[in-house]
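Chains as they are written, first to last, in this note's numbering: chain A, 1 to 467; chain B, 1001 to 1179. Where is the CB? At the ideal position from N, CA and C, for every residue including glycine.
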């Protein structure tokens, strides 16, 4: 007869912590002077932001001709970058909403962080549909607003659905983030020493008191928002994939696109959360809250979604053969062995091969290796969108209409510039916002359970901080 | 202006003591009291005898508004005001209207959830008598309080103080409307 050993879950918060040490750990970061690295990073970010604004300015002046778009390839880096940034955002919602519904308490360490990443990533994504229209002064035609033609947007078009999906996604993510921030702004309001800080945090805390009559409605709102954000996040990347799948371009017109895009989005987003988290926890000394256990759990998500993406790549190939449509078959052979084979194999290596290392427990607990893979994955996911967009357009039906796509300097400067936009926001967030959800982390500590005290002596309360 | 008593504020050591004290205050028959903690305490709604939050109904109404509003808008624009023949598709192309309708339903429901929550919580609020207590400010850090408000019909200063003390309060403080 075999015997089973009960393996208790590791404590979520490492080290000896009580409620006030958690408040101090996170809350004091906004008052301490920023580390020197912060100023260097902020300088670089603002410089890149200037590059972005310059590139957009020139684009508005000169038109989309400054990009590498050519006759068959009318969709270049703009849509690649748009899909890539939106996808990155999805991990934040997955962590804040879906893991909340699944009662994964470890999410509280990283959800604030990941939600901030979502919001800034979606802002970066929204830059591209905003500027790619060429005549930016009529960009409001995307919305159902009265215009000089008396016409309305085309509700049959996936591109219009996209406007609503990403717009709703941004608004709901921002509201969800703000709701989570209110109690923590109240903590900072009651804690910071500077008068300006008290007033500013006080305004954003809205007069929160922490009464249970408030918490009751608050928790209800949080749960409802999580319930709304879950189908929303799935719908957003589904609709993004419709931009491709509803057309009849070979390599795009496939029903696997919605789930495949969603899995890819979560995959790249988790990689981005890991990249940011590994840097931030090191600089700000938050390893007690964002521990190696978190990295391991996230690596498991990375491996799972990476394998789903890999399955989708192979299934696409199989269906192209099984479907027996000549153009579809050609599109896939052409991806793997045609003029863009270098991009295809980069994608395969980064997305399908690299996450498989995480079958090893040692590797998925290794911080340095995780950091490396997290960057590799995001390079791979960028190439996935590049492969999908460009290979299908460059070589579609008539060989006489084919052309090779080469990006220009302005494609690159616009893309690199969005990193400036992202990191400017993100560094400001790290500087002035509570970067960990203080109230939620306290809630998952063993001391937060009222029954914790039934079995523990009062004398023990202050000594024994974690079970 | 006369300085009116707002209520009696009692501090408790930890969430377990707070929960037990809340049960005592509830059993004594008080209605206008609240417990304050840095995070929501599990089981506190029952301990205080609170009814379910009404927020769900607010969200439902907003969600239905989003649903019907979106369908009305799209039908008006695509069918009545300026129908456009796009690849011979029907003007009332219901399947194509699903995504936008869904998104607007979610959007309006979220507005209901967030702004409804702030409305039910009476936020934003410029000031509250409890903020006159400097000790109370640590409720957002690591302290736990109960306040019985003077507006309660059962309220007398002595009885409320005694009840909170018997329930194991660490400190007791009178809170006035003005500082």
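From residue i to residue j, what does the alpha carbon distance come to, in whole angstroms?
i: residue 1133/B; j: residue 190/A; result: 12 angstroms
i: residue 465/A; j: residue 1045/B; result: Caution is warranted here: a pLDDT of 44 is assigned to residue 465/A, below 50, making its placement in the model unreliable, and no coordinate value can be reported.
i: residue 1168/B; j: residue 1162/B; result: 10 angstroms
i: residue 67/A; j: residue 243/A; result: 21 angstroms
i: residue 54/A; j: residue 84/A; result: 22 angstroms
i: residue 41/A; j: residue 33/A; result: 15 angstroms
i: residue 130/A; j: residue 230/A; result: 26 angstroms
i: residue 1176/B; j: residue 1004/B; result: 6 angstroms
i: residue 95/A; j: residue 285/A; result: 22 angstroms
i: residue 432/A; j: residue 203/A; result: 14 angstroms
i: residue 407/A; j: residue 1037/B; result: 56 angstroms
i: residue 1006/B; j: residue 419/A; result: 52 angstroms
i: residue 459/A; j: residue 1137/B; result: With a pLDDT of only 44 at residue 459/A, under the threshold of 50, the placement of this residue in the model should not be trusted, and no figure is reported.
i: residue 371/A; j: residue 275/A; result: 6 angstroms
i: residue 1015/B; j: residue 105/A; result: 19 angstroms
i: residue 1152/B; j: residue 1033/B; result: 8 angstroms
i: residue 308/A; j: residue 30/A; result: 40 angstroms
i: residue 1150/B; j: residue 164/A; result: 50 angstroms
i: residue 393/A; j: residue 75/A; result: 8 angstroms
i: residue 387/A; j: residue 252/A; result: 11 angstroms
i: residue 127/A; j: residue 47/A; result: 18 angstroms
i: residue 1066/B; j: residue 1049/B; result: 34 angstroms
Name the one or two DSSP bridge partners that residue i has.
i: residue 124/A; result: DSSP output for residue 124/A lists no bridge partner at all.
i: residue 1010/B; result: 1146/B, 1172/B
i: residue 1046/B; result: According to DSSP, which records beta bridges pairwise, residue 1046/B is partnered with nothing at all.
i: residue 1036/B; result: 211/A, 1145/B
i: residue 1005/B; result: 1176/B
Which chain A residues sit within Cβ distance under 7 angstroms of residue i?
i: residue 1088/B; result: Neighbours of residue 1088/B on chain A: none; closest Cβ ~11 angstroms, over 7 angstroms.
i: residue 1043/B; result: 450
i: residue 1059/B; result: 224
i: residue 1015/B; result: 448, 450
i: residue 1025/B; result: Correct list: empty, because the minimum Cβ distance to chain A is about 12 angstroms.
i: residue 1062/B; result: None at all; the shortest Cβ gap to chain A is about 10 angstroms.
i: residue 1130/B; result: 209
Interface residues of chain B around residue i at Cβ under 7 angstroms?
i: residue 20/A; result: 1141, 1142
i: residue 80/A; result: Near residue 80/A there are no residues of chain B at all, since even the closest Cβ is about 22 angstroms away, more than 7 angstroms.
i: residue 217/A; result: 1053, 1055, 1117, 1120, 1121
i: residue 237/A; result: Those do not exist, as residue 237/A stays about 12 angstroms from chain B at its closest Cβ, beyond 7 angstroms.
i: residue 193/A; result: By Cβ distance, chain B contributes nothing, its closest Cβ being about 13 angstroms from residue 193/A, past 7 angstroms.
i: residue 442/A; result: 1038, 1039
i: residue 200/A; result: The premise fails here: residue 200/A is roughly 14 angstroms from chain B at the closest Cβ pair, so nothing lies under 7 angstroms.
i: residue 439/A; result: 1038, 1039
Find the residues of chain B that neighbour residue i, judging by a C-beta separation of less than 8 angstroms, and give them in chain order.
i: residue 151/A; result: 1082, 1084
i: residue 161/A; result: 1099, 1100, 1103
i: residue 172/A; result: 1106, 1107, 1110
i: residue 144/A; result: 1073, 1077
i: residue 453/A; result: 1014, 1015, 1016, 1017
i: residue 497/A; result: Here chain A covers residues 1 to 467 and nothing more, so residue 497/A does not appear.
I want to verify the contact list: residues of chain A whose CB lies under 8 angstroms from the CB of residue i, in sequence order.
i: residue 1036/B; result: 209, 210, 211, 212
i: residue 1125/B; result: 206, 207
i: residue 1109/B; result: 224, 228
Could you tell me which chain A residues have their CB closer than 9 angstroms to the CB of residue i, listed as they occur along the chain?
i: residue 1093/B; result: 155, 156
i: residue 1137/B; result: 189, 190, 191
Under 9 angstroms between beta-carbons, which chain B residues line up against residue i? List them in chain order, please.
i: residue 405/A; result: By Cβ distance, chain B contributes nothing, its closest Cβ being about 27 angstroms from residue 405/A, past 9 angstroms.
i: residue 16/A; result: Simply none; closest approach about 14 angstroms.
i: residue 187/A; result: 1038, 1140, 1141
At a cut-off of 7 angstroms, would you count residue i as near the ligand ZN, judging by its Cβ distance to the nearest heavy atom?
i: residue 235/A; result: What this structure holds is no ligand at all, so the ligand ZN is not there to describe.
Self-check item: Minimum length 4: unbroken alpha helix (DSSP H) runs contained in the segment 193-271 of chain A
Solution: 195-205, 212-245
Quiz prompt | Residues of the segment 423-437 of chain A whose Cβ lies closer than 9 angstroms to any Cβ of chain B, in chain order | solution = none
Quiz item: Taking the runs of the alpha helix (DSSP H) that are 4 residues or longer, which of them lie wholly in the segment 419-451 of chain A?
Solution: 438-443
Quiz item: Quick one: complete alpha helix (DSSP H) runs, 4+ long, within the segment 34-110 of chain A?
Solution: 36-62, 77-93
Quiz item: Looking at chain A, which residues of the segment 1164-1177 of chain B have a Cβ within less than 7 angstroms of any of its Cβ atoms?
Solution: none
Quiz item: Listed from N- to C-terminal order along the chain, which residues in the segment 22-36 of chain A have their beta-carbon within a distance smaller than 9 angstroms of any beta-carbon of chain B?
Solution: 22, 23, 24, 27
Quiz item: Which runs of the alpha helix (DSSP H), 4 residues or longer, sit entirely within the segment 304-379 of chain A?
Solution: 326-337, 341-348, 361-364
Quiz item: When you check each C-beta in the segment 239-269 of chain A against every C-beta of chain B, which residues fall closer than 8 angstroms?
Solution: 239, 242
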